[in-house]
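Note sheet for the following structure.
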Amino acid sequence: MPHKAESARRLAGNVLLVEDNIINQQVARELLENLGLLVHTAGNGREALDALYTHAFDLVLMDIQMPEMDGYEATRRLRAEPAFEKLPVVAMTAHAMSGDREKCLAAGMNEHIPKPIDPEGLLKTLSQWLEPGGQPAPGEEDSFDTGPDVALPKSLPGLDLRWGLERVGGNRRLFHKLRGDFVANHGQALQLLEERLGGGDPNDARREIHTLQGVAGNIGARDLQQAARRLETALVEGRITAADGLPREFRDAFEVLIGGLTRLEEDERTQEAVTEPGENVASDVDIAILLDRLDQLLEEGDPGAGKLLRQVETTLPDPDLLNTLQLLAEQIERYDFDQARETLVALCENLMDHHNA
Ligand code: MN
């Protein structure tokens, strides 16, 4: 990989990522971190405003539709503060309607990027406000890849694998995890949508569809994304009512996708069952190297530790350690590196105990 070209793809700065959907949040975080940016997340507009008062950010990436306080309201409120008058705010939304961009700009946002996020488009847009960065982020996939590799299936009904993988910057493990997250979080979406549609308020159904559209795009489910987009337009234009129910095209796209994902999960479980235990687990040496490197980053107060920690999470086989890992993640997110180092020591002791048990 030519180094020069890579450095041209890096940006420097602290970004506040405001997004309520857990899948969209993971995708955006991955893409931002791949650009070398430090990422802090907030789950809605109110959390975003709280974060703005306690941390300094160079840019805000703002989802529109969120519980408690949406992106429009959060932007209007932060713009009312002199301190945030010039803070770049970039909206991201799965836009079906033209006029969305205008609404974003009217609320005080600087720019608008569509979901699913196109990695090239993101770089181009953010380059308007963020300076190029030099150093590759520590814990980068290519330079520190000790975890088990995740194979892609050859094809999967309803998923455009190549395109989907591109949405997450080529991170196979994340792509794999998001497919599971989709089944867990949106597997019941058809029933939910029927209920919303029958509930009398077309806006309820429209919001659900809008979310599904963005998430589908982010996991590479192109057919469903497009069917959802057409459905959203039809709802907004009043061409579909409760009496019509969900269109066949949409139901088919959804069922093909969920069917494919569920079968894949079953296959993977069967495969795991026939694999020798421990075969896919990284060696103790790998884990020791990762933890050592993590400690070094914490000592230097390098927020890139967050990314490395996520790699540790996928490498460490022990579910008993999840709480400690979670605590560590929170401390890193708060830039509380001293506490994080202490937690890391405790984690290592725990690991030794398990090992010797
Ligand atoms: Mn949202």
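Okay, so the sequence shown: first residue is 33 according to this note's numbering, each after it adds one. Note that CB positions come from ideal geometry on N, CA and C, so glycine has one too.
Please confirm whether any heavy atom of the ligand MN lies closer than 7 Å to the CB of residue i.
{"i": "residue 240", "result": "no"}
{"i": "residue 97", "result": "yes"}
{"i": "residue 53", "result": "yes"}
{"i": "residue 107", "result": "no"}
{"i": "residue 243", "result": "yes"}
Using DSSP's beta-bridge definition, name the partner residues of residue i.
{"i": "residue 145", "result": "124"}
{"i": "residue 191", "result": "188"}
{"i": "residue 225", "result": "Answer is none; residue 225 lacks a bridge partner."}
{"i": "residue 376", "result": "In the DSSP output, where bridge partners are listed per residue, residue 376 has none listed."}
{"i": "residue 43", "result": "164"}
Starting from residue i and walking both ways along the beta strand (DSSP E), at which residues does that stretch end?
{"i": "residue 218", "result": "Counting along the chain, residue 218 falls outside any beta strand (DSSP E), though it belongs to the alpha helix (DSSP H) covering 204 to 218."}
{"i": "residue 392", "result": "What the structure shows of the chain is the stretch from 33 to 389, and residue 392 is not part of that stretch, so it cannot be assessed."}
Considering only the alpha carbon of each residue, which of the options lies closest to residue i?
{"i": "residue 122", "options": "115, 113, 89, 100", "result": "89"}
{"i": "residue 49", "options": "41, 77, 43, 298", "result": "77"}
{"i": "residue 164", "options": "109, 99, 205, 67", "result": "67"}
{"i": "residue 64", "options": "106, 153, 99", "result": "153"}
{"i": "residue 319", "options": "345, 333, 213", "result": "345"}
{"i": "residue 201", "options": "46, 361, 350, 62", "result": "62"}
{"i": "residue 283", "options": "327, 335, 219, 330", "result": "219"}
{"i": "residue 234", "options": "262, 267, 279", "result": "267"}
{"i": "residue 57", "options": "95, 84, 363", "result": "95"}
{"i": "residue 196", "options": "100, 274, 254", "result": "254"}
{"i": "residue 73", "options": "262, 148, 338, 280", "result": "338"}
{"i": "residue 47", "options": "41, 84, 54", "result": "84"}
{"i": "residue 240", "options": "190, 223, 185", "result": "223"}
{"i": "residue 422", "options": "206, 379, 199", "result": "Residue numbering for the chain in the displayed model covers 33 to 389; residue 422 lies beyond these limits and cannot be assessed."}
{"i": "residue 212", "options": "242, 134, 247, 228", "result": "247"}
{"i": "residue 296", "options": "382, 134, 191, 371", "result": "191"}
{"i": "residue 228", "options": "272, 188, 216", "result": "272"}
{"i": "residue 265", "options": "115, 131, 142, 87", "result": "131"}
{"i": "residue 374", "options": "155, 323, 159, 158", "result": "323"}
{"i": "residue 294", "options": "214, 41, 137", "result": "214"}
{"i": "residue 105", "options": "135, 327, 303, 370", "result": "135"}
{"i": "residue 148", "options": "210, 250, 43", "result": "250"}
{"i": "residue 252", "options": "262, 270, 204, 278", "result": "204"}
{"i": "residue 330", "options": "221, 343, 376", "result": "376"}
{"i": "residue 151", "options": "124, 133, 140", "result": "124"}
{"i": "residue 91", "options": "357, 100, 162, 242", "result": "162"}
{"i": "residue 290", "options": "261, 334, 244", "result": "244"}
{"i": "residue 256", "options": "269, 280, 274, 236", "result": "280"}
{"i": "residue 352", "options": "360, 108, 382", "result": "382"}
Provide the residue span of the alpha helix (DSSP H) that contains residue i, from first to last.
{"i": "residue 72", "result": "Here residue 72 belongs to no alpha helix (DSSP H); instead the beta strand (DSSP E) covers 70 to 74."}
{"i": "residue 245", "result": "234 to 250"}
{"i": "residue 82", "result": "77 to 86"}
{"i": "residue 14", "result": "Residue 14 cannot be examined here, being either before or after the span of the chain that is shown, 33 to 389."}
{"i": "residue 365", "result": "354 to 365"}
{"i": "residue 132", "result": "132 to 138"}
{"i": "residue 29", "result": "No statement about residue 29 is possible, as the shown extent of the chain runs from 33 to 389 and does not include it."}
{"i": "residue 61", "result": "54 to 66"}
{"i": "residue 153", "result": "151 to 158"}
Mind listing, in chain order, the continuous beta strand (DSSP E) runs of no fewer than 3 residues lying wholly within the region 89 to 118? Counting only runs of 3 or more, we get 91 to 95.
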